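What follows is a set of notes on a single structure, which appears directly below.
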Amino acid sequence: MSFSRSTSSTKHISPPNVVLRASQIARAHTILAYSAFGSALLIGSLLHYKKIVKNGVAGYPEEWFPSVSATIGDWYPERNVFQILIALTSGPRFCLVAFQYFLHRSPTSSLPTIIFICGILRTLSCGGWVYITSSDDHDIHDVCMISYILLNIPWMVGGIMSTPVEHTSVRRKRVILASVFFLTTIPLIYFFIQHKVHRIPGAYTHYSFFEWGLILFDILYDSFTEEEFRLAELDITIGSTAGFQSSSKANPVEKVIVSREKPVVAVEAEIIEPDATTEITHWRATLAYISDAYLSYIFWSIFTSLIPTIFYFSVWELGISGSELAFLATLSPIFLGIPPFRAWASTRTGRATLQLFSFAGLGAFALQSPTQRLFVVTPATAIAVIRQVIDWKLHPTYSSLMTVLGFMLSSLLKHANHSNNPVWPIVDHRSGGYNKTGLFLALLALAELYTRPISAHPPSERDQSKPPQESTLTAALPLGSLLFVYHNFLSEPATLVAWSWTGYENGRPRGPLPGQHGSITLITQCVGVLLAVALLRTKKAHLLTHPIWFVVGGIGVYVMYHYRNWRGYGGSLVYALFSMSVTPLAVIQASKAKNVTRTYFIAMLVYCVLMLAAVWAVAYAFVPGGEYLRERTGLILIMQMTCLSLAFRRPKSQTPHSVLSPSLVSFTRTIVACICVLSVLATLYLLPSSPAAPHRPGPRIFRAGIWTVHFGIDNEGRDSQRRMRDLIKGMELDIVGLLETDLHRPVYGNRDLTRVIAEEGYYVDLGPGPNLHTWGAVLLSKFPIINSTHHLLPSPDGELAPAIEAVLDVFGTPVVVIVSHNGQEETPLDRELQSQELGRIMASHYPKPTIFLGYVVTNPKAPKPQPYKYLVEDGKMHDIDESDWDRWCEYILYRGVYRTSYARVSRSTITDTELQVGQFILPKHGWTVTNETHEARYLRNFKETLPVEHWFPMEYYGDENQGGVNGHFYHVFNTPLYYNIPDGAIL
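Take the sequence shown: its position 773, counted from the start at 1, is 772 in numbering that gives the first Met the number 0, and no numbers get skipped.
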């Protein structure tokens, strides 16, 4: 038998191809993923509810909602059902990553490849935390979970950047979901810390809500690929012609060009080349300018809010708290070293998205916890800096003018709002904030930017025919130096006034007053901007880089540093005008650098170094290596001017190639003129409506108080000016010593703590200024200040101690008032020397009526070398009540007057120190105290036996549970102490 087969006439017939739609696979992934987590939650809640809500801190009922880890990994059968379903999900998930790569791949960009790799790693890390539960190995589970969340950053951001622009709906959904996803991580981290670190019952339930939210948002984000695949008509053919097929012929509009020679990416053509056929009305162009100026103001508001938000923690710790690392957020331009990210950030969509995310820094005011606000403000600042750097690079001339206009708007609004930026997160409606209004206007400005006609965008100012002309250092150092000048000296108009302030002489201030002459600083800055605009317009901008102009600026710095009063303030005005005038040139030079990432990163690094050096110069007692920069502000100014000098090396350089448009020049002049006028009007409006007058003008009674106010930041991290004003007004204080008040530094927001209180009709002496490296002292007086002298008390080991020695005209009688802040117990030599000097000052005025209001770290009646007896015995003073043994820091001493009452008032949550108040009565004019014996001074009395004008306000009786006013009440004694006036007193 044989077998044979004829093949000559046999024809092979291929089976029909099977076509699968990629969108169906994406839908299967969504259904399986939601089913896996949903079934685990349902089964676990039904079978093991109390077990899966229990954790290492608490159980039911404090914890009542399960975490993801406990739900999917701890108990049978939910763990097994979940793992089976999630295993089925893995196939569609890997297909989804591959299909997306096929759809997005491009010969001109490596971004799809990067996203593909991240997608694979993301899926593998998902398997890690899914199959290795926290019960199996807690560390590996956490590492995989954190890796998964971190890989979501390039996965989501890259997915948005790679989405074809014609898929508008998909791109918009991805932007929204990615934003929600990353914003959710903020409360997630917060509640995890509350649970893990602070071990607060119930915190893990709140954490679980946000953990489940991340799961839902993550799956929902991936589900959008279904719509993208459907729009692209992406199919998979299985058969003899197996492969991918897509009928989508559209290619992404945004094309990325990356090269080492030209590290700047080309952006959308619509932004580079204005459409000449599109007509734009004058009002629409003006609206665009207004929006850009306002968005610039928002940048400065977010940028300057970071440091006060950080240093709230440093102040309470009196040392390095760890929060200072958040300052590194300003170095965010380093992320522009990622070419795809830089390309996306340079597009209209990218810039608008970054701007929107940065607005979180405005919304942080709604958070009650300082820690929460820091978690939000830090990334918002990083994003805002990236957004601003992109503008500086793409449109240097235009954005430099918008930068200075936005900065001056910030200064103007601080000047008009009692030195607080109205949209800062450290203020709210109770403390002078207009946060909701500011955020609403910011959203309107962003909407205008995103919907702006193409022809209204500023054209790109890069000259593609010329290679970059600037080296990295010569471009970066001047810009970083100017950012330091802006923030440290010019962000509040009164800061330069405070630098020159020395007090009163013959009843008149020796120099400018911060509250009244700050507008001069703003006007001078406006002149600097107008000078820059005029020279740019007339093609003579090279004059601003001439060495002679640098010498002028250097002279201004020298005069500001070495002189005081009007002469010193005049030097600071020259410095302000000079700094504003050279800003456009510094920004333009930085835009011409060879490497965009390195240039702006170094610029921000220079800013950081100078800013930290300025902090170290004052906080040297609390920081490592502080002794090397102790009181060396002059050295910091030299460093700053040296960095800036690199912009002045070529006096014959040509005018920048970009020319200012007439409409931009007109708008700049108009805004500058408005700022000048409004600054003067704000000054006039904020002047006290009536002259200062004592609360009790009839009898010769006055009340004096001492309060350490902790830099005007309350326990909630909010500005406390208005709350302080309310207590001072409620206690009817005529003379007030405030300590820890020198806020004219970036760490405290460059604020003036006296601005609100002064409107109640007080003469103000700010004490030693910010250039003298103290924590500050302030004297408020309802009585005219005849003369005042500022002292720097001996401080060889610790921080400098300030003191104000003033003579007041109290009902026609000269009364000496001393306000001082001594050193801490860690520096006993300082305290001894400072106390000796204070004792000498007070003894030099004997027997004149004298009041001492001070912060003195000592026990009552403590022997020398502790401060107490140096002040009381050597200074020839009386303690307001030596039997009050429960004191440590604040002391009131007196001489030459009769003390009639003494009270200690609780601080509520304003600060960490109480308010101490003494009431005194002057002898009849021309007479002195008739009996100063111990027995005469300590005759106790009841208020009912004294005239009503001697009574302290009755409203402040109470305790922390009820009574009092706004949380303030008489404590320690629970009532004011009253004393008899000795027999024979002539009043």
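Ideal Cβ placement from N, Cα and C applies to all residues, glycine included.
Being a predicted model, the structure only gives us computed values, none of them experimental.
- Message: Quick check on the DSSP output: what are the complete beta strand (DSSP E) runs of length 3 or more inside the region 884-920, in order along the chain?
- Response: 889-894, 897-904, 914-920
- Item | For G203, the three-state DSSP class (helix, strand or coil) | Position 204 of the sequence shown, counting from 1, holds the residue named residue 203. Going by the sequence as given, residue 203 is Tyr instead of Gly. Reduced to three states, the DSSP call for Y203 is helix.
- Message: Quick check on R40: buried or exposed, where buried means 16 or more other Cβ atoms within 10 Å of its Cβ?
- Response: Taking the sequence shown and counting its residues from 1, one reaches residue 40 at position 41. Checking the displayed sequence, the identity of residue 40 turns out to be Leu instead of Arg. Classification for L40: buried.
- Message: For V174, list the residues DSSP reports as bridge partners.
- Response: Walking along the sequence shown from the start, residue 174 turns up at place 175. Partner(s): none; V174 has no beta bridge.
- Does the count of Cβ pairs from the region 773-783 and the region 341-352 closer than 8 angstroms reach three? no
- Integer Cβ distance of E804 from I785, believed to fall under 8 angstroms: The residue labelled residue 804 in the question sits at position 805 within the sequence shown. The residue labelled residue 785 in the question sits at position 786 within the sequence shown. In fact, because the Cβ distance is near 12 angstroms, the residues do not count as touching under 8 angstroms.
- Could you give the uninterrupted runs of the beta strand (DSSP E) lying entirely in the region 720-748, keeping only those of 3 residues or more? 734-738
- Query: Would L683 be called buried (16 or more neighbouring beta carbons within 10 Å of its own) or exposed?
  - Reply: To locate residue 683, count along the sequence shown from 1; it is residue 684. Its Cβ having fewer than 16 others within 10 Å, L683 is exposed.
- Message: Please identify the residue among A602, P338, Y293, F223 whose C-alpha is closest to the C-alpha of T329.
- Response: To locate residue 329, count along the sequence shown from 1; it is residue 330. Comparing Cα-Cα distances from T329 to each of A602, P338, Y293, F223, the minimum goes to A602.
- W615 (DSSP reduced to helix, strand or coil): Here the question's residue 615 lines up with position 616 in the sequence shown. In this structure, W615 counts as helix in the three-state DSSP scheme.
- Message: Comparing C-alpha positions only, which one of G797, R721, G157 sits nearest to W615?
- Response: Taking the sequence shown and counting its residues from 1, one reaches residue 615 at position 616. It is G797 whose Cα lies nearest to the Cα of W615.
- Message: For Q653 and L534, what's the separation of their Cα atoms in angstroms?
- Response: Translated into the one-based positions of the sequence shown, residue 653 becomes position 654. Translated into the one-based positions of the sequence shown, residue 534 becomes position 535. Only weak support exists for where Q653 lies, its pLDDT of 49 falling under 50; the value from the coordinates is given anyway. Approximately 12 angstroms, taken between the alpha carbons.
- Just how far apart, CA to CA, sit H486 and P745? Counting from one through the sequence shown, the residue named residue 486 turns up at place 487. Counting from one through the sequence shown, the residue named residue 745 turns up at place 746. About 7 angstroms.
- Sequence-distant residues of the same chain with beta carbon closer than 7 angstroms to I218, five excluded per side: As a position in the sequence shown, residue 218 is number 219, starting the count at 1. Around I218: T29, A32, Y33.
- Item | Beta-carbon proximity of L986 to P922, cut-off 8 angstroms | Residue mapping note: residue 986 aligns to position 987 of the sequence shown, counting from 1. Residue mapping note: residue 922 aligns to position 923 of the sequence shown, counting from 1. Cβ atoms of L986 and P922: closer than 8 angstroms.
- Establish whether the CB of S470 and some CB of chain B are separated by less than 8 angstroms. Of the protein chains in this structure there is only one, and it is not chain B.
- Message: Does T944 come out as helix, strand or coil in the three-state DSSP assignment?
- Response: Residue mapping note: residue 944 aligns to position 945 of the sequence shown, counting from 1. For T944, the secondary structure class from DSSP, reduced to helix, strand or coil, is helix.
- Task: For the region 927-940 and the region 690-704, state whether three or more C-beta atom pairs, one from each stretch, are separated by less than 8 angstroms.
- Result: no
- From the DSSP output, in three-state form, read off A328 for me. By one-based count along the sequence shown, residue 328 stands at place 329. Three-state result, A328: helix.
- Query: For the 8 angstroms Cβ check, are there 3 or more pairs between the region 402-419 and the region 603-612?
  - Reply: A contact is defined here as three or more CB-CB pairs under 8 angstroms, and the region 402-419 fails this definition with respect to the region 603-612.
- Item | Rounded separation between L892 and H820 - CA only | Taking the sequence shown and counting its residues from 1, one reaches residue 892 at position 893. Taking the sequence shown and counting its residues from 1, one reaches residue 820 at position 821. When rounded, the distance between both Cα atoms is 14 angstroms.
- Whole-number beta carbon distance between T857 and Y867, since they are thought to touch under 8 angstroms: Working through the sequence shown from its first residue, we reach residue 867 at position 868. Working through the sequence shown from its first residue, we reach residue 857 at position 858. 5 angstroms between Cβ atoms; contact.
- Report back the beta-carbon spacing between A703 and G874 to the nearest angstrom; my notes put them in contact at under 8 angstroms. Position 704 of the sequence shown, counted from the start, is the residue given in the question as residue 703. Position 875 of the sequence shown, counted from the start, is the residue given in the question as residue 874. About 16 angstroms separates the CB atoms of A703 and G874; that is not less than 8 angstroms, and the two are not in contact.
- Is G760 closer than 8 angstroms to P687 when the C-beta atoms are compared? On the sequence shown, residue 687 is found 688 positions in, with the first residue counted as 1. On the sequence shown, residue 760 is found 761 positions in, with the first residue counted as 1. Contact: yes.
- Item | Status (buried if at least 16 other CB within 10 Å, exposed otherwise) for T537 | Here residue 537 corresponds to residue number 538 of the sequence shown, with the count starting at 1. Classification for T537: exposed.
- Pairwise C-alpha distance: G212 and L771: Taking the first residue of the sequence shown as position 1, residue 771 is located at position 772. Taking the first residue of the sequence shown as position 1, residue 212 is located at position 213. Near 52 angstroms, if we compare the C-alpha coordinates of G212 and L771.
- Message: So within the region 469-543, which uninterrupted alpha helix (DSSP H) runs reach at least 4 residues, ignoring any that extend past its ends?
- Response: The qualifying runs are 471-484, 494-499, 513-536.
- Give me the Cα-Cα distance between R695 and P952, rounded to the nearest whole angstrom. Counting from one through the sequence shown, the residue named residue 695 turns up at place 696. Counting from one through the sequence shown, the residue named residue 952 turns up at place 953. Distance between the alpha carbons of R695 and P952 is about 13 angstroms.
- Three-state secondary structure (DSSP) at R20? If you number the sequence shown from 1, residue 20 lands on position 21. For R20, the three-state secondary structure derived from DSSP is strand.
- Does the distance from the C-beta atom of L765 to that of P513 stay below 8 angstroms? Indexing the sequence shown from 1 puts residue 765 at position 766. Indexing the sequence shown from 1 puts residue 513 at position 514. Contact flag set, yes.
- Nearest to F364 (by Cα), restricted to the options I850, I879, L305: Mapped onto the sequence shown, residue 364 falls at position 365. Minimum Cα distance to F364 is reached at L305.
- C-alpha distance - T523 paired with V532, whole-angstrom precision: Stepping through the sequence shown from its first residue, residue 523 is reached at position 524. Stepping through the sequence shown from its first residue, residue 532 is reached at position 533. Roughly 14 angstroms separates the two Cα atoms.
- Message: With distance defined between alpha-carbon atoms, name the residue in D885, S590, F968, F439 nearest to S905.
- Response: Here the question's residue 905 lines up with position 906 in the sequence shown. The residue with the shortest Cα to Cα distance from S905 is F968.
- Message: Quick check on the burial criterion: 16 or more other C-beta atoms within 10 angstroms. Buried or exposed for C125?
- Response: Locating residue 125 in the sequence shown gives position 126, counting from the first residue. Its Cβ being crowded by 16 or more others within 10 Å, C125 is buried.
- Using a threshold of 8 angstroms, state whether the C-beta atoms of D73 and I51 are closer than that. Residue 73 sits at position 74 when you count from the first residue of the sequence shown. Residue 51 sits at position 52 when you count from the first residue of the sequence shown. It is a contact, given that the beta carbons lie within the stated cut-off.
- With 16 other CB atoms within 10 Å as the buried threshold, where does T380 fall? One-based indexing of the sequence shown puts residue 380 at position 381. Counting Cβ neighbours within 10 Å, T380 comes out buried, since at least 16 surround it.
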